[in-house]
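Its first residue numbered 989, the sequence shown is counted upward by one per residue in the working numbering. Remarks on the structure that follows.
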Amino acid sequence: QVQLVESGGGLVQPGGSLRLSCAASGFTFSLYTMNWYRQTPGEERKLVAATISGGGSTNYADSVKGRFTISRDNAKGTVYLQMNNLKPEDTAVYYCNACFSSINYWGQGTQVTVSS
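Next comes the structure, spelled out in structure tokens:
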């Protein structure tokens, strides 16, 4: 049974930091590209950061470059998103995604709210 379980969301003040985690099980984690998406009400889900299978390459949306860092631990089957210098516009539900060819798995999402 495939599972992606996100954790680490919450309420943080502007300029603060959060670290999201996504624990994966039920598939060969190391073969999958792992992504973080986010979604706000009325908007499409948007890619925030990606780490390619093998862990050697990462990509970021322009809006988070220099502030967010994606990483993965293949031994633990976990992907992380370190979010620094958070801004109110980062407020969203963040989703973990595993992608391999045409296969996509999604987590249930975790809410991140940036507000004073």
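Idealized CB from N, CA, C, for every residue including glycine.
- Where does residue 1100 land, buried or exposed, given buried means 16+ other C-beta within 10 angstroms? buried
- Query: In chain order, which beta strand (DSSP E) runs of at least 3 residues are fully inside the stretch 1046-1079?
  - Reply: 1046-1048, 1056-1061 and 1066-1071
- Message: Would residue 1011 and residue 1020 qualify as a contact pair, given that the criterion is a beta-carbon distance under 9 Å?
- Response: no
- Message: Please list the terminal residues of the continuous beta strand (DSSP E) segment that includes residue 1091.
- Response: 1091-1094
- Return the residue from the list 1104, 1033 and 992 that minimises the CA-CA distance to residue 1081. 1033
- Kindly indicate which three-state DSSP category residue 1041 falls into: helix, strand or coil? coil
- Task: Kindly indicate the opening and closing residues of the beta strand (DSSP E) around residue 1000.
- Result: 998-1000
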